[in-house]
Amino acid sequence: MLAELDSLKATALAELGRLQDAKALEDWRIRYLGRKGTVTQALRGLSALPLEERRALGVAANALKALLEEGYAQRLQALRKAELSARLRREALDLTLPGRPPALGRLHPTTQMLRQICGVFASMGFQVVEGPEVEWDYYNFEALNIPADHPARDMWDTLWIDGADPQGQRARLLRTHTSPMQIRVMEQTRPPVRVVVPGKVYRYEATDATHESMFHQVEGLAVDEGITFADLKGTLYEFAKALFGVERKVRFRCDYFPFVEPGVEMAIDCFACAGKGCRLCSGTGWIEIMGAGMVHPEVLRRVSYDPERYTGFAFGLGLERIAMLKWGIDDIRLFYANDLRFLRQF
Amino acid sequence: MKLPLSWLKEYVDITLPLPELAHRLTMAGLEVAAVERRGGDWEHIVVGQVLAVAPHPNADRLKLATIDTGAERHTVVCGAPNLAPGQRVAFAGLGARLINPQTGQAETLKAATIRGVRSAGMACSERELGLSQEHTGILVLAPDAPVGAPLEQVLGDAILDIKVTPNRPDCLSVLGLAREVAALTGQAVREPDLSYPEEGPPMAGRAAVEIEDAALCPRYCASLVEGVIVGPSPAWMQERLAACGMRPISNVVDITNYVMLEYGQPLHAFDYDTLREHRIVVRRARPGERLQTLDGQLRELTPDMLLIGHGAGPVALAGVMGGAATEVSDETANILLESANFSNTSIRRTSVGLRLRSEASLRFDKGLPRELPPIALRRATQLLLQLAGGRAARGIIDAYPGREERRPILLTGRRLAQVLGVSVPREEVERTLESLGFSVAAQGEADLSVTAPYWRTDIALPDDLVEEVARITGYDAIPTTTLAAALPAVQPQPGLELKERLRDLMAGCGLQEIVTYTLVGRALMESARDGLGVSAAVRVANPMSPEQEFLRLTLRGGLLAALAANARHQEAMRLFEVGRVYLPQAGDLPQEREMLAGALAGPRHPPFWSREGGSLDFFDAKGLLEEALCRLGVEASFQPTEEPFFLPGRAARLQSSTVSLGVVGEVAPAVAERFDIPLRPVVCFELDLAALLPLAAAPRYQPLPRFPASTRDLALVVDETVPAQRVLDLIRGFSLVGRVALFDVYRGEPVPAGKKSLAFSLAYQAPDRTLTAAEVEGVHQRLVQKLETDLGAALR
Ligand SMILES: [Zn+2]
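Heads up: the protein sequence lines correspond to chains V and D, in order.
End of the first sequence = 345 in numbering that gives the first Met the number 0, gap-free, step of one.
End of the second sequence = 795 in numbering that gives the first Met the number 0, gap-free, step of one.
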């Protein structure tokens, strides 16, 4: 009997070693360990034996059962592992296939640039406000110290709105700059004032790679007691560094706008040629960024601010120009042609 | 303003290298936009002296010239008829770059053998040097030109192109710029001497001037030179005029232009004998009066134009252009010179009105000083005598009804520091202002009483002086500080915030933002058939083109045009724009309403290797509007609507109680066709931000459900005419119903014709307990009953 068990053990283990799939393993289990399996039968057969014999054989038979169960479990695990790895091999992805594009849109480059610029000024305490694009001559020119027939009107070629006022004057226009909001803001609030005004502006201008009849400006205005030209320089310098990098040099030169005195033009050193002179900077090494200046006393007087007490500075920059410089865009007309191949680059 | 350096040097010593000078001018407000160099490429060209001229052994028309360049002697072959011993000439050695007179191209000079004689170098003509077209002989230099010196030293020049801002008409003159250069470099200005012999009869009995309108003509000066000979002006004057961009005409006209460039004061020369009664009348034009101007045009005049008349009729448009009848001609013998001051407003209106902008009107319309006319007149009279001969009358006419005294301006040290943020020592302020010609007197400890020089018309306020000090000492010298002042109170900007949120939402929903022109044309508006004709739009009085004539009433046209423009190279498009529309308001500025509009067309999913089908349609647009409204906390319903822009039965108005928030729908195929959009369907939507703004609410927290929900599916068959929304509303309104989702709409077998099957998944839930199965079943049965009785629905 003991010998029979030994041979059974040898056969079962030999078979187990040859099994290649789960089906064969299950057959093997049923053959040996199933309800009618050889080992089960052998164990069951023990009850007919005398006690002494039964004890000795019982130990051996149970040991065999345990051994085969253990062997089964190990084999099962090994086969599963092999099967899983085979399946994973079969089902591996072609990882080089392109990913499925997420359905995300983009903001127009002017919106992105506007947010960047306003963000920089917001961090310096400037609040964003907006104003009308169709303006009265009064706000666009007269209150800004540019009366009718002022020679400086040549600086802004104007698109006028149809229809004259009772004096026969064409009093409404498409604002040529965001500066009218200087007046509107100061009319509505008392100092301190610290605002930036983004918005569309319009010029009667033939379009080419650097000129558009519609573009965006960002106007800035800070008025209070004790605001100085030195503050103007410092604020605009911080802006230039934030937008164009801390290594930028800035240059402030005298320029003329009727609503500021002294008047300023700010330039940064050309990042394309590091100031040596190239096409981008027309050989000067400097790139003009914005006009600025100390708010003209006449402008303050116009909004009933006492110019003896309050001083302030104003600035205005062309948004597309800044975006073109920052992103290397060579034609301003691309902004409003709305070619998606352009817009999707930003 | 073109400024030849050689001319500038006549009034001020140049102590700085040219690039540094250009930089200083730029920084001080006179931007040097370009510097054109003359003679920069004259390498190997020096002043040579012709020692001897001998005949060429083999050619009658050629000569052999021996030319001394100081260091060497050269024998060259020369064909110029004007070659003579003793001349100083421009000698080009081998390697020099010269213009080939035949081709106009620059070529490098090489040694050549001409008719058997070797020639290493040549004497140049003006044309070969690129100076002019003159090529009939060689250029003969001044007899004192230093032999051996580079030609550039003798003839070279640089022409600065200076952008003069409109506040500085004084800098539209060489002398004015010389004054700036002097102040910037610490030099003195040499003003021209203005004396001339007055050998003619007294001016008094020879001519008279009457000013009818002193407001328009504050000053009128005139001189008389009799017996002139009209002819070409000398080469030096022609060269300077040409360098400044003016065409030489005759000595008389050139002198008036020359003095205008020199002093900034326009002048006019009349043929004295054509002036009836020798009487000048400065007056407004009479209605219907006409004048033939120098350019040959007959011009209609109006009473707001100032004109110069004589005894009978108009002779010139004051300050703008002379008349043909009194023009100086070759026969003219006697010249009456005009140097006057006119109101800049009047000149500007006249020149803009007649579209006649001249060098003169460009100066007058900026406002010229009243002190200038007699000074410029004397200079011109002097030059006239020198270059055209004749005798000047004794004295000049000086009608000066508009005399004004210059008032001193008090510049306090306090104001300087208040504006600049740094105090400037009084001595420095004084020195700076005096260098610019201001007269300065100390006033107390720290203040100055300052009077501007006559040529400065732009100085009225203390702050104008602050700028003068700052720009001459340099903006670089002012420190850099950060704003220390108090921050204003924050004013909420809900409109702006809403706009930016919607932008982010739309981009988040997969839409690309575009920005289109706010000015549109009639054709675009009509194609968009947006229900509002061009008659309802604000019109530009002076449009640049018919495509930019009206302010848009909707964003639709721009969106569809962008869709069409991209259709060639894009399969799917989801576009949106946030921008204003402009609604006219009588007697006021138009109402500018912020709108959001979008357009969708093409396949729902971008091209991809695993195909997922379907075209973007109405429900894509509706879905993103629902999402946007949900995010903004706005409740709205979609009500059927009709307008020609949309396909009937496929457009809805977004309604929140009685307020219309916008519209969404499938664009009528005829409209899409007019825009040449190849894709179908095209879906468009619009939201009115102003209507949305008061409804938008901040999110409000709802407690999370604490007890589990029981879900049931419910398939109903209803009439086609029953909108899904009614069924949904009814279910949602039922007690204990939590979440509801419509997950299927089915038509066809076995659902009878005229009916549709709607399948919902719903969750029953109570806030305070777990519902028992019996409770759920009871509620569900009651819901089904209600659906049957209210909507005629049948369970499927
Ligand atoms: Zn550069």
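Where a beta carbon is used, it is the ideal one built from N, C-alpha and C, also for glycine.
Would you check whether ligand 1 has a heavy atom nearer than 7 angstroms to the C-beta of residue i?
i, result
"V/G244", "no"
"V/G284", "yes"
"D/A566", "no"
"V/L279", "yes"
"V/G276", "yes"
Could you spell out the range, first to last residue, of the alpha helix (DSSP H) harbouring residue i?
i, result
"V/N61", "50-90"
"D/H604", "First-last for D/H604: undefined, no H or E at that position."
"V/Y236", "228-243"
"V/R340", "339-342"
"D/T472", "461-472"
"D/E525", "521-527"
"V/K325", "318-326"
"D/W6", "4-7"
"D/G507", "493-507"
"D/K365", "Run containing D/K365: none; DSSP gives neither H nor E here."
Per DSSP, which one or two residues make a beta bridge with residue i?
i, result
"D/C683", "D/A598, D/G664"
"D/Q590", "D/L582"
"D/D712", "D/S760"
"D/K799", "Limits of chain D in this structure are 0 at one end and 795 at the other, which puts residue 799 of chain D out of reach."
"D/M805", "Chain D is shown from 0 up to 795; residue 805 of chain D falls before or after that span and cannot be answered."
"D/D156", "D/R37"
"D/C77", "D/K62"
"D/S636", "D/Q654"
"D/I396", "D/A221"
Decide if residue i is buried, meaning its Cβ has at least 16 other Cβ atoms within 10 Å, or exposed.
i, result
"D/N256", "buried"
"D/D270", "buried"
"D/G120", "buried"
"D/P751", "exposed"
"V/E246", "exposed"
"D/W235", "exposed"
"D/L861", "Since the first residue of chain D shown is 0 and the last is 795, residue 861 of chain D is not available in this structure."
"D/Y516", "buried"
"D/R746", "exposed"
"D/P647", "exposed"
"D/F706", "exposed"
Indicate the three-state DSSP secondary structure (helix, strand or coil) for residue i in the structure shown.
i, result
"D/N340", "strand"
"D/P478", "coil"
"V/W285", "strand"
"D/Y219", "strand"
"D/K754", "strand"
"D/T273", "helix"
"V/F334", "helix"
"D/E225", "strand"
"D/I44", "strand"
"D/H855", "Past the edges of chain D, shown from 0 to 795, lies residue 855 of chain D, and the structure says nothing about it."
"D/W235", "helix"
"D/A323", "coil"
"D/Q701", "coil"
"D/I307", "strand"
Using only the heavy atoms of ligand 2, determine whether one of them is closer than 7 angstroms to the beta carbon of residue i.
i, result
"V/A271", "Inclusion of ligand 2 in the displayed structure is not the case, the ligand content consisting of ligand 1 alone."
Ends of the beta strand (DSSP E) at residue i?
i, result
"D/T65", "58-67"
"D/Q784", "Premise fails: D/Q784 lies in the alpha helix (DSSP H), 772-790, not in any beta strand (DSSP E)."
"D/Q724", "Run containing D/Q724: none in the beta strand (DSSP E); it sits in the alpha helix (DSSP H), 723-731."
"V/M213", "213-223"
"D/P313", "313-316"
Please name the residues in the stretch 458-482 of chain D whose beta-carbon is closer than 8 angstroms to at least one beta-carbon of chain A, in chain order.
-> Looking for chain A here will not work: the only protein chains present are V and D.
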